[in-house]
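Counted the way this note's numbering counts, the sequence shown spans residues 271 to 1002.
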Amino acid sequence: MWLGRAALAQTWIVVDTGGYASAVVAAGAEAAVNWNDDNLADDEICTHCFAAVELQHYLRKATGRSDDFAIVDDDSSPQGDLILIGGPKTNALLRQFAGSLQIDQRQLESLGPEGYRIRSAASAGRRITVIAGGGRVGTLYGVYDLLHRLGCRWFAPGELHEEVPRVQCIADLDVAEKPAFATRGFFAWEDRGNPEFLIWMARSRLNDWCVEQSNHPLLKKLGIRLAGGVHDAEERFINPASPYPYDHPRFSGDEQKPKDPYPLSDLYQGDANADGKLSYFEAHPEWYALVAGRRVPGIQGFFGVNYCTSNPYATAEFVKNFVQATIDGPYRNADIIRLWTLDVGRWCQCPNCQAQGIPTDRNLLLVYRLDQEIKKARSAGKIKRPILIRFLAYADVLQPPTRPLPADFDYTTCWATYYPIARCYVHTLDDPRCATNARYAKQLHGWAVDPNRFFRGPLQIGEYYNVSVYKCLPVNFSRTMAHDIPYYYRIGARQFEYMHVTTGHWGTKALTNYQLARQLWNPQTDCSALWDDYFAKRYGPAAGIMRRFYDSLDPMLANVSEIKYGLARRLNQGSSDLFPNSHLRLERQGGLECDGPTWLEILQHSRNCRAEINRALEMDLPPRIRARIAEDERAFTYAERTISYYDACVRAFQAVRSGRKEEARQHYGRAGELARLLAQDKVSASMSSSHASAADAFEATLATGALKHLARLLDSPDTKRDSGHKPGSPRR
């Protein structure tokens, strides 16, 4: 029991510091490491030393012994208790104890690069603790797991949200773990992750972020993989308006460009728009979609009509440019490439494209071609790192393939990502009672379970816990996650991410993100025990009250898809029927089908939440717990005002259409006041992706136009409350 010894006893943390002056220096030297070469020694030293520094920090904080847990190089042989960081291959001192502690390098490597072994036992009168990974990231995760077992918690980014208990000892341990889901994290494509958030990801053993994030060395040190690409591939690599990059035989002024490798087009247009340049479309209209008998330059940013994927020259050019981006372009540091065609795109109608099958079949042929060309670039030494490709099973390409894939389609490098846009969170995904989710579950079965399916590769689940239209509302997904994540695992999913995590101001969203991390590591996590631990440690004396708050927050916002995709848009358009379907009724009525919480029930849950959180804030609480609840309250207030604004608009529309104009004006005035309060809130709908955030919480309602419609119905000159806002983009 090494932490319970007398104050003079010493515990040493032992790690290979390489040629650095100290472990602290090595831990912060990520910018000097070449993370993309074949030499792993410098990678291991940096991450292992960072793991040692993290362990030292939290052990000193947990024990109050700021002069203990010195970090020494693995060439040392200190007397006292030892914590050995790294396996026999990377820690020289461990090699002396590996036999007696039964630490075998091959067994470690069998756990994979993110797996680890923790072994703590008494030996020759002292305690020796080994934290050894199958790779450097596994060692880092092992350190965080040991600290978790000692009671440390990182519920959200930042020191406010960590819990470090008083620790007396490390018990005997013999733990071997590896992650159930290979990919665990978040879909992102912008430089928006602050250091606190990224370090929280590592402490939570999450590994999925984006190549657009700055400070790649930090991400690599933390074991975070970099993914690149969204629905912009065609805009980037075969944009019809981009200059044609070759010396075209029939165009003057491009002679300095490389020789044109493609045959002349019968549809060649020349400089049709007289701008002095030759564009891709002007040179090769046949490369682009045939729509109603005409070739069109249909690519419009993320949207429009996909290019003619059956055209071999168009695909050759598209793939060539994509591969070059992984060699020395924007994806030169990416571990994962997303090949996503246009968002809900239409597809070319030419006979050759139609002969390839449904859009999914065409998409997979494109994925196959890109994978082949990346492999060629790797064989030629142009790319020195493994590249994985993620393609979509979503919207226009949601249906499983209907034809066999090429015999050499590589399932080890090409993964499907299944995104059920606008799914229902009242019900679990496989609940047959939900028509929306039942459709998605059927398609998912075709990708993952159907014994006659054509795709046999790895499956990634992409969830929408903060899809763009939700605008960072503090929805509580803990109930559906507790069921859905084990379900996804059972049907074969081994990767998971969600759109569009906020990187701060989490409030109650902390439970979603914390629980997600634990379940992705182990889908069999006992969520009831996790919730008990979360509420007790995060809220202390207020645990019971805050649990009741969360219990009402769930049904208050579980119908978020119908609220934001349905009710908000109908309010914004001034629709006459605001509750037209069974998922969201105004109230329960005999004989009326009702599949989710009604609007009146949602309002009651909101009132319950307010009562509970007010009770919590009235308690005499430790400052850190009060600050956490205050952050929860700010996030809840955003949701409360959003729901109240919708309600005021609903009541105003109902009253004015029933001829009760005075009553309608009262509700209209209340809606206007709520709009003003929401417009003052510049924080709650921020810190997410550019289109999942909003300038303010009023814009985030996506129903700013309701006031204008009401003003017209009321013959009111007051349209200023509309504030000039326009509905937010419904993009994903």
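Just so you know, even glycine gets a beta-carbon here, dropped at the ideal spot from N, CA and C.
Integer-rounded CB distance, given that residue j should sit under 8 angstroms from residue i
i, j, result
"residue 480", "residue 560", "Their Cβ separation, rounded to whole angstroms, is 34 angstroms, which puts residue 480 and residue 560 out of contact at 8 angstroms."
"residue 918", "residue 940", "4 angstroms"
"residue 345", "residue 362", "6 angstroms"
"residue 317", "residue 491", "5 angstroms"
"residue 878", "residue 822", "4 angstroms"
"residue 626", "residue 580", "6 angstroms"
"residue 841", "residue 973", "4 angstroms"
"residue 400", "residue 421", "In fact, because the Cβ distance is near 20 angstroms, the residues do not count as touching under 8 angstroms."
"residue 674", "residue 638", "With a Cβ gap of about 12 angstroms, residue 674 and residue 638 do not count as contacting."
"residue 793", "residue 756", "4 angstroms"
"residue 765", "residue 451", "6 angstroms"
Buried versus exposed, by CB contacts within 10 Å (16 or more), residue i
i, result
"residue 310", "exposed"
"residue 681", "exposed"
"residue 434", "buried"
"residue 898", "buried"
"residue 646", "exposed"
"residue 356", "buried"
"residue 405", "buried"
"residue 723", "exposed"
"residue 605", "buried"
"residue 706", "buried"
Spatial distance of residue i from residue j (CA atoms)
i, j, result
"residue 692", "residue 745", "14 angstroms"
"residue 659", "residue 642", "11 angstroms"
"residue 276", "residue 419", "Low confidence applies to residue 276: its pLDDT is 42, below 50, so where it sits in the model is not reliable, and the reading given next is rough at best. Using only the alpha carbons, I get a separation of about 23 angstroms."
"residue 564", "residue 558", "10 angstroms"
"residue 281", "residue 778", "38 angstroms"
"residue 996", "residue 968", "Bear in mind that the predicted position of residue 996 carries a pLDDT of just 40, short of 50, making it unreliable; the figure below should be weighed with that in mind. The straight-line gap from Cα to Cα measures roughly 10 angstroms."
"residue 327", "residue 301", "22 angstroms"
"residue 502", "residue 360", "42 angstroms"
"residue 701", "residue 890", "43 angstroms"
"residue 623", "residue 553", "20 angstroms"
"residue 956", "residue 550", "38 angstroms"
"residue 930", "residue 981", "14 angstroms"
"residue 577", "residue 505", "10 angstroms"
"residue 335", "residue 378", "32 angstroms"
"residue 984", "residue 852", "30 angstroms"
"residue 729", "residue 895", "40 angstroms"
"residue 471", "residue 616", "37 angstroms"
"residue 712", "residue 373", "46 angstroms"
"residue 526", "residue 590", "20 angstroms"
"residue 635", "residue 532", "21 angstroms"
"residue 474", "residue 455", "10 angstroms"
"residue 441", "residue 391", "8 angstroms"
"residue 453", "residue 770", "16 angstroms"
"residue 613", "residue 572", "6 angstroms"
"residue 961", "residue 759", "30 angstroms"
"residue 431", "residue 425", "5 angstroms"
"residue 718", "residue 763", "8 angstroms"
"residue 786", "residue 796", "12 angstroms"
"residue 283", "residue 737", "44 angstroms"
"residue 610", "residue 661", "6 angstroms"
"residue 714", "residue 733", "13 angstroms"
"residue 286", "residue 478", "27 angstroms"
"residue 541", "residue 516", "14 angstroms"
"residue 949", "residue 920", "19 angstroms"
"residue 407", "residue 545", "53 angstroms"
"residue 510", "residue 951", "41 angstroms"
"residue 416", "residue 936", "59 angstroms"
"residue 599", "residue 902", "42 angstroms"
Closer than 7 angstroms: residue i CB and nearest the ligand GDP heavy atom
i, result
"residue 945", "Absence of the ligand GDP from the depicted structure is noted, as is the absence of any ligand whatsoever, leaving it without description."
Just list the alpha helix (DSSP H) runs in the region 833-919, keeping only unbroken ones of 4 residues or longer that don't cross its boundaries, in chain order. 838-843 and 869-887
Give, in chain order, every unbroken run of the alpha helix (DSSP H) that is at least 4 residues long and sits entirely within the region 279-328. 293-297
Quick one: complete beta strand (DSSP E) runs, 3+ long, within the region 665-709? 684-688
So, do the region 688-702 and the region 663-676 have three or more beta carbon pairs nearer to each other than 8 angstroms? yes
Pairing CB atoms from the region 402-412 with CB atoms from the region 374-386, are three or more of them under 8 angstroms? yes
Could you pull out every unbroken alpha helix (DSSP H) segment of at least 4 residues lying fully inside the region 400-483, listed in chain order? 406-419 and 465-473
Counting pairs of beta carbons, one from the region 697-712 and one from the region 740-758, are three or more of them closer than 8 angstroms? yes
Please go through the region 500-577 and give each complete beta strand (DSSP E) segment of 3 or more residues, from N-terminal end onward. none
Counting pairs of beta carbons, one from the region 508-524 and one from the region 627-637, are three or more of them closer than 8 angstroms? no
Would you list, in sequence order, the uninterrupted beta strand (DSSP E) runs of no fewer than 3 residues that lie entirely inside the region 725-809? 729-733 and 763-768
Taking only runs that begin and end inside the region 337-402, name each unbroken beta strand (DSSP E) of 3 or more residues, in chain order. 340-343, 351-355 and 386-393
Check whether the region 757-776 touches the region 854-861, counting contact only when three or more Cβ pairs, one atom from each stretch, lie closer than 8 angstroms. no
Within the region 596-651, ranges of the beta strand (DSSP E) (whole runs, at least 3 residues): 606-609
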